[in-house]
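Q:
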Amino acid sequence: MSLKPYQSDVLDAFEAFLRAYREAGEAAPGSRHASREAFEHCTLRNFGFRIPYRAPSALAEADVPVVCLRIPTGGGKTLIGGHAIGRIKHSLMPAGHSLTIWLVPTDAIRAQTLRVLRTPGELLHDELRGLLGEVAVLDIDEALSVQPAVLDSHDTIVVATMQAFKQSDTERLAVYRPNGALMDHFRGVDQPGWSLVEALRLRRPFVIVDEAHNQGTSLAFDTLARLDPCAVLELTATPDRLHQPSNVLVSVSASTLQTAEMIKLPVEMATHGDWRIALREAIARLDRLQAAADAERLATGEALRPIMLLQAERHQKDNPDAMTVDRVRQGLIEQFNVPPAQIARSASGVDELSDADPALLRYVITADKLREGWDWPAAYVLMSFRGSTTQTALEQILGRVLRMPNVTRKREEALNRAYAFAVSDSIAEVARTLRDGLVQAGFERQDAEDLIRAVDLQDHGDLLRGQHSVSVALPVAEDRVLVPDLSALTEAARKRIEKKLDISPETGSMTLRGEWTAAEQKALKAALPDAAAVEAVERAFSRLVSPAEPSVPTPSERGETFTLPLLAWQQGDWITELGDAPPLEGGLSLAEVDARLDDQAFPREVETLQRARLDLGSAGKLQLDPVERLQVQMGLFGVRESASPADLLWWLERRLIAPDINPEEIGAWLSGALRHLMEERGFGIEELAYRRSRLCDVLASRIAVARGAGHKQRFLALLGEESCLSADERLQCVFSSGRYAWDWQYNGFVTLPRHFFQQIGNLKSQGEEFDCANFIANELEGVRDWIRNVERKPGAFSLPTSKHRFYPDFLVRMDNGHYLVVEYKGGHLYEDPDQAEKRRIGALWARRAGANFHFVMPQRRDWSAIRAALKISS
Numbered sequence: 007m008s009l010k011p012y013q014s015d016v017l018d019a020f021e022a023f024l025r026a027y028r029e030a031g032e033a034a035p036g037s038r039h040a041s042r043e044a045f046e047h048c049t050l051r052n053f054g055f056r057i058p059y060r061a062p063s064a065l066a067e068a069d070v071p072v073v074c075l076r077i078p079t080g081g082g083k084t085l086i087g088g089h090a091i092g093r094i095k096h097s098l099m100p101a102g103h104s105l106t107i108w109l110v111p112t113d114a115i116r117a118q119t120l121r122v123l124r125t126p127g128e129l130l131h132d133e134l135r136g137l138l139g140e141v142a143v144l145d146i147d148e149a150l151s152v153q154p155a156v157l158d159s160h161d162t163i164v165v166a167t168m169q170a171f172k173q174s175d176t177e178r179l180a181v182y183r184p185n186g187a188l189m190d191h192f193r194g195v196d197q198p199g200w201s202l203v204e205a206l207r208l209r210r211p212f213v214i215v216d217e218a219h220n221q222g223t224s225l226a227f228d229t230l231a232r233l234d235p236c237a238v239l240e241l242t243a244t245p246d247r248l249h250q251p252s253n254v255l256v257s258v259s260a261s262t263l264q265t266a267e268m269i270k271l272p273v274e275m276a277t278h279g280d281w282r283i284a285l286r287e288a289i290a291r292l293d294r295l296q297a298a299a300d301a302e303r304l305a306t307g308e309a310l311r312p313i314m315l316l317q318a319e320r321h322q323k324d325n326p327d328a329m330t331v332d333r334v335r336q337g338l339i340e341q342f343n344v345p346p347a348q349i350a351r352s353a354s355g356v357d358e359l360s361d362a363d364p365a366l367l368r369y370v371i372t373a374d375k376l377r378e379g380w381d382w383p384a385a386y387v388l389m390s391f392r393g394s395t396t397q398t399a400l401e402q403i404l405g406r407v408l409r410m411p412n413v414t415r416k417r418e419e420a421l422n423r424a425y426a427f428a429v430s431d432s433i434a435e436v437a438r439t440l441r442d443g444l445v446q447a448g449f450e451r452q453d454a455e456d457l458i459r460a461v462d463l464q465d466h467g468d469l470l471r472g473q474h475s476v477s478v479a480l481p482v483a484e485d486r487v488l489v490p491d492l493s494a495l496t497e498a499a500r501k502r503i504e505k506k507l508d509i510s511p512e513t514g515s516m517t518l519r520g521e522w523t524a525a526e527q528k529a530l531k532a533a534l535p536d537a538a539a540v541e542a543v544e545r546a547f548s549r550l551v552s553p554a555e556p557s558v559p560t561p562s563e564r565g566e567t568f569t570l571p572l573l574a575w576q577q578g579d580w581i582t583e584l585g586d587a588p589p590l591e592g593g594l595s596l597a598e599v600d601a602r603l604d605d606q607a608f609p610r611e612v613e614t615l616q617r618a619r620l621d622l623g624s625a626g627k628l629q630l631d632p633v634e635r636l637q638v639q640m641g642l643f644g645v646r647e648s649a650s651p652a653d654l655l656w657w658l659e660r661r662l663i664a665p666d667i668n669p670e671e672i673g674a675w676l677s678g679a680l681r682h683l684m685e686e687r688g689f690g691i692e693e694l695a696y697r698r699s700r701l702c703d704v705l706a707s708r709i710a711v712a713r714g715a716g717h718k719q720r721f722l723a724l725l726g727e728e729s730c731l732s733a734d735e736r737l738q739c740v741f742s743s744g745r746y747a748w749d750w751q752y753n754g755f756v757t758l759p760r761h762f763f764q765q766i767g768n769l770k771s772q773g774e775e776f777d778c779a780n781f782i783a784n785e786l787e788g789v790r791d792w793i794r795n796v797e798r799k800p801g802a803f804s805l806p807t808s809k810h811r812f813y814p815d816f817l818v819r820m821d822n823g824h825y826l827v828v829e830y831k832g833g834h835l836y837e838d839p840d841q842a843e844k845r846r847i848g849a850l851w852a853r854r855a856g857a858n859f860h861f862v863m864p865q866r867r868d869w870s871a872i873r874a875a876l877k878i879s880s
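Sequential numbering of the sequence shown, starting at 7, is according to this note's numbering.
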């Protein structure tokens, strides 16, 4: 599969939630809080605090899990959505084939989604078939006549707009009308009508809502409830924060997409009041980008043709000189000698994109937005003739220049950035509009502040240093993040505050922007839960009206690099990172893994099986827990055909086979497991086939434990051969501009100077780790610069252990050329065997790296340990 690491992480988090939901339902039969417990458990693990679960009222009674994956523009939402089908089928659906309803906001996006799902050669089409086998992809017209045999024999995806199902008067829509073509779906079922919606709800579909922020009304959730889904997944760049707050399970940051080479950042911006000068500079930039692209092609073979998107003004009766689409085209031809064949217009009444020659196209002109579905990652330059515009219109165009061509960082640094030019006398206003556009594209406002680099073509200096917004940490009580409660305000007052307030529970922060009246400040403070939060907001208001401090370029902004050697394994002239060393790749002998599952590992669930044997009509009337209800109803479609040990054995083998397992061994091992369950514990094959997903999980866990034990044994043996290990300049971790990913930024009021990057990632504004960072930044003598190392991010520094990789908390470079790696640990964890192993690996790395490299694991705020590691007297 070609998923980026962050995309796999997003899907792993989604699957972990599904498993937690299933486990919560099984642990508390009769409860209707499995979604809430699973969500809060997972957000604690993902973000470091619990986020309250907000169940849409229409889906709350059935406890249907509704979660959101927040993926900014350019992050691959559609690909993630396709893979989510495989995850939910494996984790939640016990048997049979899955049914997915994929809802999108517009017909254009519906057509685009159908194309990528149906067309061989498209990434999503090919990967879905690799995951699921044969997949049936239907539009609404095809679904209206689909036969049960299709759904029984294929994983099926129905792609539709929300409007196809969303109507208060359901009789007006075809999907709700009785339909004789669907009667075979209801054989033996006491059902009042033969509509498509009734046929779909029988099979408890998985519902994906694309661009969910466009659908977040009570009617939308009533619509979803009519489908009786097993789960709802929202995919969006801009989740609802205030009205029907989305349950954001995972949030991908701009820096993560940048380090994953998905998007171009930062955006370099320039303005001028004269459109001719602004356009001249934009064309000059495009020419320089083409020169850089030519150099890139010579160096790497990658061919690029950068293009410019031009946002024209609308026709205005009171402004005959407005730079409309046609006038912009005329200006390009007459004043800048651009050949007409290089220009295409995409606006109301004219669409020349389809007929444009890709080999010649350099300029695309639009008024508000481009044709939906048009995608050209080689768009690098945005030229706006409108000093201000709506966020939506700007985001729709700005998003087109953010995508990285071929999803690969370029050697020519100019090709790793996007460029924006505007006709305006106010550089600050244009920057503010661009930042709003980035927020609309799904980036946190705190991040967006740092993603614009401004050049004033009128030589007025950099006017972007004003304090446009201030972010503060949301309060946390008993591991649960608390958000302001604005419900007591009048609607008018609430709307005024909401326009100036961005709340992001998953980053644990809120951002205040613009000018606040005394009454608005008082109202916000009254909505906060405690005195500490009020004090933080008061400090934020003070900073908001204060001039920003002069910005000093950080080492990364000056083009410097920060490098640390990795712990490597070498054999002769060949060298590789220790975690990838061939001696660690031993095979797994299943003969040493116990295949017998006792009652604790795989308990009997006779009652569930008996209910599953009931006919469809009776099962629909039973009062079941949400998880059990899903298992029963889905199981009814999975057990229609007779099950056999051979079929189950083959199904398990396909899911458990791995490169380190001998194919000849796994069949015998699985046969032994099934034989024990059937002959010694009395399971029938029908019962095992019905619960095959759970059986697969238990067997996979047995294999994983054995695999981990073997890896640990080989790893420890490898550490004993220290002469084969090295840490030098041949294999290094390199930090540089654009190579630092985080989930959220530090937003405390204590200044932490000398950080290598402008941003400090994933650091809370209080606690022991913050105190360690404060010591390094403000108290430790001789520090040149330092990095907050963010775990599990591409490019972060890590060291292998016998179980997994660990990511030390701080990396410090001293003025005297020494380097210090700091892994802070609370006192209660220090003696844990895993931490002892980390200290051993850290010391080994320092020995192999040489006298200038040091590793330390301080505890209980013992900063003297850091000085001692550097041989600095206190």
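Idealized CB from N, CA, C, for every residue including glycine.
Computed from a predicted structure; not experimentally measured.
#1: Going by Cα to Cα distance, which pick from R438, L758, C74, F568 is closest to E785?
#2: By the 10 Å Cβ neighbour count, where 16 or more other Cβ atoms means buried, how is S8 classified, buried or exposed?
#3: Can you grab the Cα-Cα spacing for the pair A460 / V476, in whole Å?
#4: Answer with buried or exposed for R745, where buried requires no fewer than 16 other C-beta atoms within 10 angstroms of its C-beta.
#5: Tell me the residue span of the alpha helix (DSSP H) that contains P669.
#6: Can you tell me the Cβ-Cβ gap for L315 and L388, rounded? I've got them flagged as a contact below 8 Å.
#7: What residue does the beta strand (DSSP E) around Q576 start on, and which one ends it?
#8: Work out the CA separation of R351 and T265 for me, nearest whole Å.
#9: Over what stretch of residues does the alpha helix (DSSP H) that includes K708 continue unbroken?
#10: Rounded to the nearest angstrom, what separates W869 and F803 at their Cα positions?
#11: Expressed to the nearest angstrom, what Euclidean distance is found between the alpha-carbon atoms of V711 and A857?
#12: Identify, in the order they occur along the chain, each residue of the same chain with its Cβ nearer than 8 Å to the Cβ of A64, setting aside the five sequence neighbours on each side.
#13: Could you spell out the range, first to last residue, of the alpha helix (DSSP H) harbouring T84?
#14: May I have the straight-line CA-CA distance separating P411 from G307, to the nearest angstrom?
#15: With a threshold of 16 other CB atoms inside 10 Å of the CB of H4, please say whether the residue is buried or exposed.
#16: Quickly, what does DSSP pair L130 with across the bridge? List them, please.
#17: Check S477 in the structure and name its three-state DSSP category.
#18: Along the chain, where does the alpha helix (DSSP H) containing V540 start, and where does it finish?
#19: Among residues of its own chain, excluding the 5 on either side of E21, which ones have a beta-carbon nearer than 6 Å to its beta-carbon?
#20: Roughly how many angstroms lie between the CA atoms of E728 and G754, to the nearest whole one?
#21: Would D734 pass as a contact of A852 if the rule is Cβ separation under 9 Å?
#22: With DSSP as the reference, label G767 as helix, strand or coil.
#23: For the pair the segment 27–44 and the segment 485–493, tell me if three or more CB-CB distances fall below 8 Å.
#24: For Y813 and G848, what's the separation of their Cα atoms in angstroms?
#25: Going by the CB atoms, is the gap between V356 and S390 shorter than 9 Å?
#26: Give the DSSP-derived three-state secondary structure of Y825 in the structure shown.
#27: Would you kindly report the start and end of the unbroken alpha helix (DSSP H) that includes S352?
#28: So for A384, helix, strand or coil by DSSP?
#29: Measure the Cβ-Cβ separation of E267 and H278 and say whether it is below 9 Å.
#30: Output needed for I214: all residues of its chain with C-beta closer than 6 Å, excluding positions within five of it in sequence on either side, in chain order.
#31: When DSSP labels each residue in this structure, what does F427 get in the three-state scheme?
#32: Any idea which residues DSSP pairs L817 with across the strands?
#33: Tell me the DSSP secondary structure of W522 in three-state form.
#34: Quick check on L534: does DSSP put it in helix, strand or coil?
#35: Is it true that the CB of V796 sits closer than 9 Å to the CB of G833?
#36: Output yes or no for whether 9 Å exceeds the beta carbon distance between K416 and E274.
A: Short version:
#1: Among R438, L758, C74, F568, the Cα nearest to that of E785 is on L758.
#2: Counting Cβ neighbours within 10 Å, S8 comes out exposed, since fewer than 16 surround it.
#3: Cα to Cα, A460 sits roughly 20 Å from V476.
#4: Buried.
#5: Here the alpha helix (DSSP H) through P669 covers 669–681.
#6: The beta-carbon separation of L315 and L388, rounded to 5 Å, stays under the 8 Å limit for a contact.
#7: Residues 574–577.
#8: Looking at the two C-alpha atoms, the distance is approximately 33 Å.
#9: Residue 708 is actually Arg in this sequence, not Lys. First-last of the alpha helix (DSSP H) with R708: 698–725.
#10: Approximately 22 Å, taken between the alpha carbons.
#11: So the two alpha carbons sit approximately 38 Å from each other.
#12: Within the same chain, A64 has close Cβ partners S224, F227, D228, L230, A231.
#13: Following the DSSP letters along the chain, one finds T84 inside the alpha helix (DSSP H) bounded by residues 83–97.
#14: C-alpha separation (whole angstroms): 13 Å.
#15: With the chain covering 7 to 880 only, the question about residue 4 has no answer from this structure.
#16: Under DSSP, no beta-bridge partner is assigned to L130.
#17: In the structure shown, S477 sits in a strand (DSSP, three-state: E or B).
#18: Per DSSP, the unbroken alpha helix (DSSP H) holding V540 starts and ends at 537–550.
#19: Within its own chain, the residues whose Cβ lies closer than 6 Å to the Cβ of E21, once the five positions on either side in sequence are excluded, are R93, S97, listed in chain order.
#20: Using only the alpha carbons, I get a separation of about 43 Å.
#21: No, these two residues do not count as a Cβ contact at 9 Å.
#22: In the three-state DSSP reduction, G767 falls in the strand class (E or B).
#23: No, they do not touch.
#24: For the pair Y813 and G848, the Cα-to-Cα distance works out to about 11 Å.
#25: No, Cβ-Cβ distance for S390 and V356 is not below 9 Å.
#26: DSSP places Y825 in the strand class (E or B) of the three-state scheme.
#27: Membership of S352 in any alpha helix (DSSP H) is not indicated; the residue belongs instead to the beta strand (DSSP E) covering 349–353.
#28: Assigned with DSSP and collapsed to three states, A384 falls in coil, not helix or strand.
#29: By the CB criterion at 9 Å, E267 and H278 fall outside the cutoff.
#30: The beta carbon of I214 is closer than 6 Å to those of G87, W108, L239 in its chain, skipping five residues each way along the sequence.
#31: Strand.
#32: DSSP links L817 through a beta bridge to I793, V827.
#33: W522: coil per DSSP, three-state reduction.
#34: In this structure, L534 counts as coil in the three-state DSSP scheme.
#35: No, they are not a contact pair.
#36: No.
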